[in-house]
Every structure is written in C-alpha cells, then in structure tokens.
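Throughout the sequence shown, residue numbering follows our numbering, covering 864 to 1454 in sequence. Worksheet for the structure shown next.
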Amino acid sequence: MQERVEKYIYYIAENKYRVKFLKIDKKNNKRINFDQYVCGTLEEAIKLRDDKLKENGLTLEKVVEDKVDIFAIDEDEDKITQENKPKKSRKNAENNDKTKVDKYIYEIEKGKKYRIFIRKGGTNGQKGDYYSEIFNGTLPQARKQRDMQLANLKLKNGKSDKGNIKFIDFVRIYYKEYAEVELSPTTVSGGKCELKNYVLPEIANMPLNKIDALVIQRIINNLKVRDKEKPDKNGNVQKLSITSVNNVYRLLRKIFNKAIAWDYINVNPVTKVTAPGVSKIEKQSYNREELLELLEILKKEDIFTEALFTIAICTGLRRGELVGLHVEDIDFINNMIFIKRAAVWDAQNKKIVEKATKTKGSVREVPMPLFCTETIKEYLKSRDRAIQRFKRKDKNYIAPKNLFLSKNGGIMFPDTPSSKWLKFRNKHKEIRNVSLHGLRHSYCTMQMNENPNLSPADVKKLMGHSQLATTFIYTHSNEDKTQEAISVFDKYYNDNKEIKVNFNQMLSLYTRMNFASKRELDELLKFAVDLKVAEDEKYNMIKQYIDNRYPMFKKIDISNINFSNVWDILDLYKQKYGDEFILSPINKTVD
C-alpha cells in the first residue's frame, strides 16, 4: 500500500518514492498533472516536489491530490463541462497511467487490490470487447484472473483466442465451473493429485490448442514406465499400475471434452490416442466356492466384521455406499436394502460428507438372502449397546443414523472398510488376495454367470451402473427380475438339499399367519413343496413336516398374540426354542 510521508509524496519501497499532484485550471481550461517516481532518498523526493511546484507557479495549498484509484474521477475534474473537457484517446487511456504493473493489470493497493482492465478489437468505429473488474488479491492471483477472462473474451469479428489459454488455467476453470460442482470430493481430490503428479509438470504452460495427440501419447508412454510416487511398505519402488495410467487417460479425455463443449477447441486430442487398457490382475474376483468359504469364515469374526462384509458379499455395494447406509435403509420384512447415498471424505474441508450416489442409476433397491438379514439384526443389538456406552460417557451424544459407526460413535471413515478388509485378509492367509472392491466384481460375476433368471440389464440395475460397460450388451429386459438375485446365495443351503429359516418364517409356515413377508413365504413354499398341488395341501404337508421334526411348535400358543405384543412374544419364543431351523424339500420325504 502507498503511504504518504510528506504532502504529495508517497512511500513505495526502500529508497523509492512517488511524487504526485493534480491542479485543475478552470480559467484556462486545462489541468496540471504531475506523477513521477524517485529512486533515492526522501530529501531528493522533497526537492523534486518543490521544484515542480515552483516551475508551475503552484504552492502546496493550491494543489489537489489525486486519488489512489486511477480510474476514479476527481470531484474538481468532474465539474469541467463535457464540451470543454480535454479529449484523451482511447488507445492511450490505460497506458498513460503509471500504476500499470502488468498487461491489463493496474495496482490500486499493492499486494491487495488491483484493477483488471481489458479492451480488445473495435476498429472502424465498431465497439470492441470490454472487461473491467476490481480484484481483491495478490498480483499473481490477479494475473490468473486476467488470463481466465482473456480466455473467455471473444473478439468482435467472431474469432476467438480462447484456445490460447494455458492448460493449467483451463484446468482451474474446469474444476471451478464443473468438477467441484458436479463430482464428489473424492473424485475431485484424486483428479487434482493425478494432474499435479503426472500431467502438469509436462504441459502446464502449453496453450490448450497446441496440445495434440502426439503430446498426449508421450505423456501416456512416460507413465507406463514411471515409478510410483511412494515406495511400498517394504521400501520397494513399484511401477505405476496400468489402472493408474488409465485413470490419467480418462481424466484428460474428460477435461478436453469440456474444452470442446465450452468452445475452446474443436477436437479432443486424447480420443486419437489408444486407451492404456486395464490390468487383469487388478480385476480379480472370487468364485462361488470361495465366496461361500468366506461366509463361513466370517461367522467366526466379531459381529461388526461379519455384518459389514456379509453385506458387501451379498449385495455388491460400493465402499462409500456401505458407509452411507442408514438403519432406516434396511427393510427387514422384505429383505431389501435401499441405496440412497454414499459417504466420502471431503479433503478440502477435512470432514466426512454424505452425498448422492455415484449416478442416478445408483439409487436402487438390492435384495438380500435371508441369512444376511439375520446377521444385520444381530449386529444392531451390538450397535445399540455401543450407543448406550457412548451416551454414558457423554450425555449430549447423539448417534448418527448410519448403520455402521466408528469407534468414537461417529460416521465411519470411508476408508475404514478397506483397512478392515485388509486386516481380515491378512489374518486368514487361506483367503486369496482380492481387494474389497473385488467383492463387488465377485457379486456381479456370480449374478451374471450363475443366475439364469437375470439378464445383463437386470445385473446392471443391481450394480447401480449407468451403462452396460462391464456386461455383454446383447439383451434387454422389460421385466423386473432383480428379486431373483438372492437365489444365487440361497444355493449356499440348497446344494445340501435343505435351507435354513428363522423362527418367524417357520412359525408363519406352521400357522399360515404373516410373521414374515409374503415374498419370503412364497419362496419357502415353492422350495419346500415342488409339486403341482393346491396351496392348502402344500401348507398341510409343511405342517406335518414341522410336527415330525420340530414338535415344540405344537406347544406355541398364538391366541394371545396381538399387534401390540407380537414382537415381544416372538422374541420370548426365540430365546426358548432358538432362531435357526432346517427346511428340507418335502416332496423328497413324503410319498
């Protein structure tokens, strides 16, 4: 900031001063404007001021000080009539001001406030393009703002110099106007990191319209042989994975697509370069037998671990969707999970946020097998006990709505499922090395290959994909068959010619009362009696089977059950008789 140290003298820097004054001569219709920098001592600046005042026949009292803002109109000057005002050419209007610090940039307050003034075109009496702004910030920031405005400014004759913008400046526009508005914080921070490490060192200052396919190809080629930024846990430096290279390729393709959409360039150079491809190793998944083995191993883990990964195996949810699940998203009657949101880490604001799912198609309903529902019920009991502990420690504690809580009682960190999965996998060396996201691939593969009731379009809906990019696009389904998805995991029991059912389901079959959902009962009825007989006959056969195998059901009195006490009474019976029973195909045992 310019500080006045003497009348009409301003301190600029060490041994640098500015002598500036203005005189309006109304009689002779002219003004005397003196503005000069002095590189020297304050005494030298005072001597220059006094000499110039004397030379123009002025005294200190008669001089009008100019304002710091070079574009402000002095009150005395504004009193001059328009017809008598000395004309100043437009060409030199901005160049004559001595506070110009860079092209189109004028200093108002050093290091804090600048004016960006751009005028282009306007020949032969036509008005050219014009931009003016007071910018609060440093000079480097003002330069960036100027460059962005120059890129967005079209000339009057219809031509555009927008493509001359530096790549790094367009990237700033891309993130400010699109990515940070439309994409998740995780995607934004990840993309910025990839650009900073792998792209900007190569082409940051290149004009956008000068980046061609050859430039992109060289970037991709360099990444294929490049080492990772950090060594692994053993201190070994690995090469960048082909997936990382492919991520950079896709990010560049998106950026240049936006450049086309916003009229900066006409052709996307990235589309002329072959995509790096995807590593087969990094798309590993478990087969059916391995998944069933996993389910058995999980039964021996703590209930939190069992519930978290049982849901992941049986529903194919993304990591953020698992963390973003709320208790109210679980339909225990119909064995469904409703996917409405995902939890992500907002690196910029340093907090966990819940956002809409990845795509519109990601909002969906996913059915669960019966044993998955029961596992969640058991976990909720543990969750309730944890909440009570938190409340005893802090009377003001309010539990989040999320199904899975952190150790401190808050929303679980989005990376926690991955770290827990790695810990679980290291504990059980017999489990093949597949990532947590590999469980999602495993679910998709199981449904595609082993469930004849589902078309690729049905699997797409279950997975929450916006496109059939990972499936064979050769069929279309108009019928909603996603309910059939649970049959893949029901084979876990069907292969042994029997199925596990809970107390509510068995009592419903025995009494024909709705202690379980109609869909569950229809499936169990179809499984148990695969004969072409009337429904009443099927229920009679099941009742006979239960009487023979589980005679305790004869002792259950349902006459005193009503709407207000039904679940309490059923819980008492569960404690007495258990909550797991076996149902075998009756047509194999009954003549």
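Glycine included, every Cβ here is placed at the ideal spot set by N, Cα and C.
- Within the model, the alpha-carbon separation for Thr1279 versus Tyr1306 is close to 21 Å.
- Here Asp1090 has Val1100, Gln1101, Lys1102, Leu1103 as same chain residues with Cβ atoms under 8 Å from its own Cβ, once five neighbours each way along the sequence are excluded.
- Leu1325 is positioned such that its CB atom lies no closer than 7 Å to that of Val1392.
- In this structure, Lys1025 sits near Tyr1127, with a CB-CB distance shorter than 7 Å.
- DSSP places Arg1151 inside the alpha helix (DSSP H), whose first and last residues are 1151-1161.
- Of the candidates Arg894, Glu877, Gln899, Gln899 places its Cα closest to the Cα of Tyr871.
- In the DSSP assignment, Ile1202 falls within the beta strand (DSSP E) that extends over 1199-1202.
- In the displayed model, Ile1074 falls within coil according to three-state DSSP, outside both helix and strand.
- Counted as a single uninterrupted DSSP element, the alpha helix (DSSP H) harbouring Ala1122 occupies residues 1105-1124.
- Taking the C-beta atoms as reference points, Ile997 is found no nearer than 7 Å to Arg982.
- With contacts defined as CB atoms closer than 7 Å, Phe1033 and Leu1058 fail to qualify as a contacting pair.
- Taking 7 Å as the cut-off, the Cβ atoms of Asn1110 and Pro1139 do not count as close.
- In terms of Cβ geometry, Ile1239 and Ile1193 form a close pair [threshold 7 Å].
- Listed in chain order, the non-local C-beta contacts of Lys1254 below 6 Å within the same chain comprise Tyr1260, local neighbours out to five positions each way being set aside.
- Ala1042 carries a helical assignment under DSSP once its states are collapsed to helix, strand and coil.
- Below 8 Å, enough C-beta pairs join the stretch 1171-1186 and the stretch 1298-1312 to call them touching: three or more.
- Secondary structure remark: continuous alpha helix (DSSP H) runs of at least 4 residues inside the stretch 1360-1413, in chain order: 1366-1374, 1381-1391, 1398-1412.
- One thing to note: Lys1270 has its Cβ no nearer than 7 Å to the Cβ of His1189.
- In its chain, beyond the 5 residues on either side, Ile1294 have a beta carbon closer than 6 Å to the beta carbon of Arg1288.
- Among the bridge pairs identified by DSSP, Lys1437 is matched with none.
- Within the same chain, Tyr874, Tyr880, Leu905 come within 8 Å of Val868 by CB-CB distance, once the 5 residues on both sides are set aside.
- Counting only runs of at least 3 residues, the stretch 1181-1248 fully encloses the following beta strand (DSSP E) elements, listed from N- to C-terminal order: 1199-1202, 1204-1209, 1214-1219, 1227-1230.
- In terms of Cα proximity to Met1415, the closest of Leu1370, Asp914, Asp1399, Pro1003 is Leu1370.
- According to DSSP, residue pairing for Leu911 in a beta bridge does not occur.
- Linking Asp1434 to Leu1046 through their CA atoms gives a straight-line distance of about 46 Å.
- For a cut-off of 8 Å, the C-beta gap from Asn999 to Lys966 is around 20 Å, too long to register as a contact.
- The C-alpha of Tyr1112 lies about 19 Å from the C-alpha of Ala1124.
- In the three-state reduction of the DSSP assignment, Ala876 falls in the strand class.
- Excluding its 5 nearest sequence neighbours in each direction, Lys1401 has C-beta neighbours in its own chain below 7 Å: Leu1388, Val1392, listed in chain order.
- As computed with DSSP, Phe897 is found in a beta bridge with Phe884.
- Looking at Arg1006, Ile1200, Glu907, Glu1191, the one whose alpha-carbon comes closest to that of Ala1175 is Ile1200.
- Asp1010 sits buried, since 16 or more C-beta atoms from the chains shown fall within 10 Å of its C-beta.
- Annotation for Glu866: the continuous beta strand (DSSP E) segment containing it runs 866-869.
- Collapsing the DSSP output to three states places Glu1164 in coil.
- Taken through DSSP and simplified to helix, strand or coil, Ser995 comes out as strand.
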